[in-house]
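> 803 is the number that this note's numbering gives to position 421 of the sequence shown; each next residue is one higher, with no gaps. Where a beta carbon is used, it is the ideal one built from N, C-alpha and C, also for glycine.
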Amino acid sequence: MSATTHWLATATAQAVLERGGNAVDAATAAGFVLHVVEPHLNGPGGDMTAIFATADDPRPQVLMGQGPAPAAATIEHYRGEGLDLVPGAGGLAAAVPGSADAWLMLLHDHGTWELADVLAFAIGYARDGHPVIGRVGSTIQTVAQLFTEHWPTSAELWMPDGRAPREGEIIRNPAYARTLERLLEAGSGAADRRGRIAAARKEWKEGFVAREAVEFLRTPHRHSSGTDHAGVIEVSDFAEFSASYEPALTREFRGTTVAKIGPWGQGPVLLQALAILDGLPDEAMDPSTAAGAHHVLEALKLALADRDAHYGEDIADGVLDVLLSDDYARQRRELIGAEASHEFRPGRPDGREPFLPPLLAEPVGETAGVGEPTVVLSGETRGDTCHIDVVDRWGNIVSATPSGGWLQSSPNIPELGFCLGSRLQMNWLEPGAPSSLAPGKRPRTTLTPTLLLRDGKPVCALGSPGGDQQDQWQLLYLLRTLVGGYSPQQAIDAPALHTTSMPGSFWPRTWTPGGAVVEDRLGEEVIAELERRGHKITRAGDWSLGRLSSVGRDPETGVLSAAANPRGAQGYAAGR
Numbered sequence: 383m384s385a386t387t388h389w390l391a392t393a394t395a396q397a398v399l400e401r402g403g404n405a406v407d408a409a410t411a412a413g414f415v416l417h418v419v420e421p422h423l424n425g426p427g428g429d430m431t432a433i434f435a436t437a438d439d440p441r442p443q444v445l446m447g448q449g450p451a452p453a454a455a456t457i458e459h460y461r462g463e464g465l466d467l468v469p470g471a472g473g474l475a476a477a478v479p480g481s482a483d484a485w486l487m488l489l490h491d492h493g494t495w496e497l498a499d500v501l502a503f504a505i506g507y508a509r510d511g512h513p514v515i516g517r518v519g520s521t522i523q524t525v526a527q528l529f530t531e532h533w534p535t536s537a538e539l540w541m542p543d544g545r546a547p548r549e550g551e552i553i554r555n556p557a558y559a560r561t562l563e564r565l566l567e568a569g570s571g572a573a574d575r576r577g578r579i580a581a582a583r584k585e586w587k588e589g590f591v592a593r594e595a596v597e598f599l600r601t602p603h604r605h606s607s608g609t610d611h612a613g614v615i616e617v618s619d620f621a622e623f624s625a626s627y628e629p630a631l632t633r634e635f636r637g638t639t640v641a642k643i644g645p646w647g648q649g650p651v652l653l654q655a656l657a658i659l660d661g662l663p664d665e666a667m668d669p670s671t672a673a674g675a676h677h678v679l680e681a682l683k684l685a686l687a688d689r690d691a692h693y694g695e696d697i698a699d700g701v702l703d704v705l706l707s708d709d710y711a712r713q714r715r716e717l718i719g720a721e722a723s724h725e726f727r728p729g730r731p732d733g734r735e736p737f738l739p740p741l742l743a744e745p746v747g748e749t750a751g752v753g754e755p756t757v758v759l760s761g762e763t764r765g766d767t768c769h770i771d772v773v774d775r776w777g778n779i780v781s782a783t784p785s786g787g788w789l790q791s792s793p794n795i796p797e798l799g800f801c802l803g804s805r806l807q808m809n810w811l812e813p814g815a816p817s818s819l820a821p822g823k824r825p826r827t828t829l830t831p832t833l834l835l836r837d838g839k840p841v842c843a844l845g846s847p848g849g850d851q852q853d854q855w856q857l858l859y860l861l862r863t864l865v866g867g868y869s870p871q872q873a874i875d876a877p878a879l880h881t882t883s884m885p886g887s888f889w890p891r892t893w894t895p896g897g898a899v900v901e902d903r904l905g906e907e908v909i910a911e912l913e914r915r916g917h918k919i920t921r922a923g924d925w926s927l928g929r930l931s932s933v934g935r936d937p938e939t940g941v942l943s944a945a946a947n948p949r950g951a952q953g954y955a956a957g958r
C-alpha cells in the first residue's frame, strides 16, 4: 500500500511494489518524484525526516535528514548583515541539504533495487515532463515579480514563456534530470549496488552538486528581508554532513505506542499533547464537539509553548524526560480552564527558566496558517511540505516527510535545476535559546512523521504537510481513530482545526494570541461555542485544513490498508 500527497508519487511507489521492490525502494522512488511534481513544497536542496521499521527489526528508527547550519552561519554574521531574524527566503536561510543524502542512505542500507531503477521515474518526469498542478502555477505567479526582477535563473526555469504555467500544462526540468544522471554516472564503476549508491552520495556531497551550489550562492541576491546578501554555505559543509539513524521517542496512548522524532524537531509536541489529554474522559477529547475542540486547542498551546521554549539542538539535559512525564502532563492539564488562553505559557521543567521568544503580532488580514504556503513578493512562505507512507507485504513500513528547497526558497541553481532550502529561518538570532542559530547545529525543524505500534509490532505509518500544523492535525487523527473509533479515512476526512496561538516557525515568526483556525464543517454551534469561550476563530472553508495520509498493516492477518486526503483532489492512496 502507498499513500502520498501527489498521485504520481503514489503511482510510482505502487509501481515499484508491483515489480517486487520493498517499501524502502518504493518510498525512495516516490521521494525523488515529489522533488519534480511538487517543487513548491519540497526539493532535493531541502530536508527530510522519516520513521521506519523493517520486517527483520520492528523497532521504530528515525531517519535524520535534517542538515545543520553552515560553519559560517553565526548570529554575529547575520546581525552584522542588519538582520533581526533569519530570512524566510534567500541563501542565508539555507541549511546543509539533507533530503537526497537521507533517501540514498536509506536505500543503501534497507532497499533492494538499483539506484538507476529507483531514479528512473524522477528522471523521466523531469526530462520528458508532467502535467503541472495548479498550486505550482499559483505559487510561481505570486513570486513572479521577485523572479523576474531579482532571481532571473528562477524565472528562466519556472516561467520559460514569461508567465507562470497553467494547470495541466506540461513542465520540464532537464537540468535536474541531468543532475540525477550525473549521480548515476559517478557510481558506474562500482562493483555492486551499495557501491553505486555510496558513490552517488559522495558525488552529491563532495562533487559537482556542492561546488555548483556554493559558487552560485556567493553572488549577493534578494532575501525576504528586502535586502541583498551572499550565502555562507561552503563545499566543506556539504562534505561534513551525513544523514543518520537514531531511536524514536515513544509514548503509550490507548494501547498504542506512538513513535516520533526527537526535540531537534517538533515530534515531542504530539507526545506531550497526548499526555495532557490522556487524563480527560473520552468524550472531553472529541475534536468534533465544542468541549473536545477546546481541550485539544488548549493542550496544543501548552505543548507548543514548551516546544518554543525548550526544544532544539541544545535542549538541556533531562528536560525532555520531564516534559514527557505523567506528573508534568498532569501539571499542564490543570492549567486548562473553561476559557481560551491568550497567553504564552511554557512550563519550567525541573525549575528551569524557559526561553521566551519574541512575540510578534500577526499582521491584520494575514491569511497564513490555513494550510497552504503563504507566499508574497519577497518570497517568504510559511512553508509546507509533502508526505509519503508505504507498507509492503513483508512488513517493512516507512513514514517520510520531505520538505524545504521550495522553488521560492532561494534562486534556482541553473546547472542543478533546483535551489537550496530555507530551514534556518527556524533558528533565533537571540543567543541562549535551545534553538539559537549556531554553526553545525540543526534548526528545530517542523517535519514530524509518525509510526504506530501495538504489542511491539508496527501497525500504521502516518503524517501530513502543514508546518506548525503537522502534529496538530495528526493529533486529531489519533484521537478519532484510537479514542473515537473512526476508520483512518473517516479520521482524515473529518473537520480539522488548529491553533495559531504560538510563535510561528516560519519567517516572520508571528502569532495570534488565542487564535484558532477551523473548517466550517465543524458546525455553527461548535464554532459559536468556541468563540464564546474566547477563541479568536478564523474560518478556513469546508475542505482546506489537514492533508494527512496513512498506511496500515494488521500483523495477525497481513492485511494492508491505506487512506489519503481528499482536500485539493491531489493526495492518493493505492494498493492491492
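With H, G and I counted as helix, E and B as strand and the rest as coil, what does DSSP make of residue 584?
As a working note, residue 584 is residue 202 in the sequence shown. The answer is helix: DSSP assigns residue 584 an H, G or I state.
> Quick one: grab the DSSP three-state call for residue 760.
In the sequence shown, counting from the first residue as 1, residue 760 sits at position 378. Residue confidence for residue 760 is low, a pLDDT of 34 falling below 50, so the modelled location carries little weight; the figure read from the coordinates is stated next. Of the three classes helix, strand and coil, the one that applies to residue 760 here is coil, per DSSP.
> As an exercise, report each continuous alpha helix (DSSP H) stretch of at least 4 residues that is fully enclosed by the region 519-560, in chain order.
Those alpha helix (DSSP H) runs which fall completely within the region 519-560 and span 4+ residues are 526-531, 534-540.
> Applying the 10 Å Cβ sphere with the 16-neighbour rule, what's the burial state of residue 680?
Numbered from its first residue, the sequence shown carries residue 680 at position 298. By the 10 Å Cβ count, residue 680 comes out buried.
> On a CA-only basis, which of 603, 482, 872 is nearest residue 860? Give me that one, please.
By 1-based counting over the sequence shown, the position of residue 860 is 478. Nearest option by C-alpha distance: 872.
> Is DSSP giving residue 950 helix, strand or coil here?
Counting from one through the sequence shown, the residue named residue 950 turns up at place 568. Note: residue 950 maps to helix in three-state DSSP.
> Among the candidates 779, 624, 602, whose CA atom is the shortest distance from the CA of residue 933?
For the purposes of this step, residue 933 is taken as residue 551 along the sequence shown, with counting starting at 1. Of 779, 624, 602, the residue nearest in Cα terms is 779.
> Looking only at its chain, what residues have a beta carbon closer than 7 Å to the beta carbon of residue 741, apart from the 5 residues adjacent to it on each side?
As a first step, residue 741 must be located in the sequence shown, where it is residue number 359. Excluding residues within five positions, the ones whose Cβ falls inside 7 Å are 726, 885, 893.
> Give me, in chain order, the residues of the same chain whose beta-carbon lies closer than 7 Å to that of residue 864; leave out the 5 immediate sequence neighbours on both sides.
Here the question's residue 864 lines up with position 482 in the sequence shown. Here the set comprises 635, 636, 638.
> Please list the terminal residues of the continuous alpha helix (DSSP H) segment that includes residue 870.
Locating residue 870 in the sequence shown gives position 488, where the first residue counts as 1. That run of the alpha helix (DSSP H) goes 870-875.
> Report yes or no: do the region 689-701 and the region 727-737 share at least 3 C-beta pairs separated by less than 8 Å?
Output reads yes: the region 727-737 touches the region 689-701.
> With 16 other CB atoms within 10 Å as the buried threshold, where does residue 941 fall?
Working through the sequence shown from its first residue, we reach residue 941 at position 559. Residue 941 is exposed by the Cβ-count criterion.
> What does the alpha-carbon distance come out to for the pair residue 890 and residue 819?
Numbered from 1 along the sequence shown, position 508 holds the residue referred to as residue 890. Numbered from 1 along the sequence shown, position 437 holds the residue referred to as residue 819. C-alpha separation (whole angstroms): 16 Å.
> Could you pull the DSSP bridge partners for residue 387 from this structure?
Reading the sequence shown from its first residue, position 5 is the one you call residue 387. In DSSP, residue 387 forms no bridge with anything.
> Starting from the Cα of residue 839, find the closest Cα among 624, 442, 617, 539 and give me that residue.
Counted from its first residue, the sequence shown places residue 839 at position 457. For residue 839, the nearest C-alpha among the options comes from 442.
> CA-CA distance, residue 506 and residue 390?
Counted from its first residue, the sequence shown places residue 506 at position 124. Counted from its first residue, the sequence shown places residue 390 at position 8. Looking at the two C-alpha atoms, the distance is approximately 12 Å.
> Check for me: the alpha helix (DSSP H) holding residue 831 runs from which residue to which?
Within the sequence shown, residue 831 is the residue found at index 449, counting from 1. It is not in any alpha helix (DSSP H) - residue 831 carries neither H nor E in the DSSP assignment.
> Nearest to residue 945 by alpha carbon, out of 954, 655, 479, 939?
Counting from one through the sequence shown, the residue named residue 945 turns up at place 563. Checked all of 954, 655, 479, 939; the closest Cα to residue 945 is 954.
> Residue 565: beta carbon under 7 Å from a heavy atom of the ligand SAM?
For the structure depicted, the ligand SAM is absent and the ligand set is empty, with no information on it obtainable.
> Closest to residue 888 by C-alpha separation, out of 898, 831, 903, 807, would be which residue?
In the sequence shown, residue 888 corresponds to position 506, counting from 1. Looking at the Cα atoms, 807 is the closest of the given residues.
> Just to confirm, are residue 483 and residue 625 a CB contact at a threshold of 8 Å?
The residue you call residue 483 lines up with position 101 of the sequence shown. The residue you call residue 625 lines up with position 243 of the sequence shown. In contact: residue 483 and residue 625 (Cβ atoms closer than 8 Å).
> Where DSSP assigns a beta bridge to residue 842, which residues make up the other side?
Locating residue 842 in the sequence shown gives position 460, counting from the first residue. DSSP lists 834, 934 as partners of residue 842.
> Around the Cβ of residue 515, are there at least 16 other Cβ atoms within 10 angstroms (buried) or fewer (exposed)?
Counting from 1 along the sequence shown, the entry for residue 515 is found at position 133. Label assigned to residue 515: buried.
> For residue 825, does the count of other Cβ atoms within 10 angstroms reach 16, so buried, or fall short, so exposed?
Taking the first residue of the sequence shown as 1, we reach residue 825 at position 443. That one is buried.
> If I'm right that residue 558 touches residue 508 with Cβ under 8 Å, what's the distance once you round it to whole angstroms?
To locate residue 558, count along the sequence shown from 1; it is residue 176. To locate residue 508, count along the sequence shown from 1; it is residue 126. Yes, they are in contact, since the Cβ atoms of residue 558 and residue 508 sit about 5 Å apart, within 8 Å.
> What are the partner residues of residue 683, as DSSP defines its beta bridges?
In the sequence shown, counting from the first residue as 1, residue 683 sits at position 301. The partner list for residue 683 (beta bridge, DSSP) is empty, contrary to what the question assumes.
> For residue 738 and residue 852, what's the separation of their Cα atoms in angstroms?
Within the sequence shown, numbered from 1, the residue matching residue 738 stands at position 356. Within the sequence shown, numbered from 1, the residue matching residue 852 stands at position 470. C-alpha separation (whole angstroms): 23 Å.
> Smallest Cα separation from residue 512: which of 809, 408, 418?
Position 130 of the sequence shown, counting from 1, holds the residue named residue 512. That would be 418, whose Cα lies nearest to the Cα of residue 512.
> Apart from the five residues just before and just after residue 594, which ones in its own chain have a Cβ nearer than 8 Å to its Cβ?
Position 212 of the sequence shown, counted from the start, is the residue given in the question as residue 594. Counting only Cβ-Cβ distances below 8 Å, and skipping sequence neighbours, we find 795, 797, 798.
> Since I believe residue 705 is in contact with residue 767 (beta carbons under 8 Å), could you give me their beta-carbon distance rounded to a whole number of angstroms?
Here residue 767 is taken as the residue at index 385 of the sequence shown, counted from 1. Here residue 705 is taken as the residue at index 323 of the sequence shown, counted from 1. Not quite, the Cβ-Cβ distance comes to about 25 Å (not below 8 Å), so this is no contact.
> What residue does the beta strand (DSSP E) around residue 637 start on, and which one ends it?
Reading the sequence shown from its first residue, position 255 is the one you call residue 637. Looking at the DSSP string, residue 637 is not in any beta strand (DSSP E), and its letter there is neither H nor E.
> Mind listing, in chain order, the continuous beta strand (DSSP E) runs of no fewer than 3 residues lying wholly within the region 847-900?
Those beta strand (DSSP E) runs which fall completely within the region 847-900 and span 3+ residues are 879-881, 897-900.
> Let me make sure I understand the geometry here. Which of 948, 907, 868, 927 has the alpha-carbon closest to that of residue 878?
Residue 878 sits at position 496 when you count from the first residue of the sequence shown. If we check each option's Cα against that of residue 878, 927 comes out closest.
> Give every residue of the same chain whose Cβ lies closer than 6 Å to the Cβ of residue 600, excluding the five residues on either side of it in the sequence, and list them in chain order.
Position 218 of the sequence shown, counted from the first residue, corresponds to residue 600. Answer for residue 600: 612, listed in chain order.
> Provide the residue span of the beta strand (DSSP E) that contains residue 332, from first to last.
Because the chain spans 383 through 958 in this model, residue 332 falls outside it and cannot be assessed.
> If distances are taken between C-alpha atoms only, which option among 899, 883, 803 comes closest to residue 473?
What you label residue 473 is simply residue 91 of the sequence shown in a count that begins at 1. Checking every option, the nearest Cα to that of residue 473 belongs to 803.
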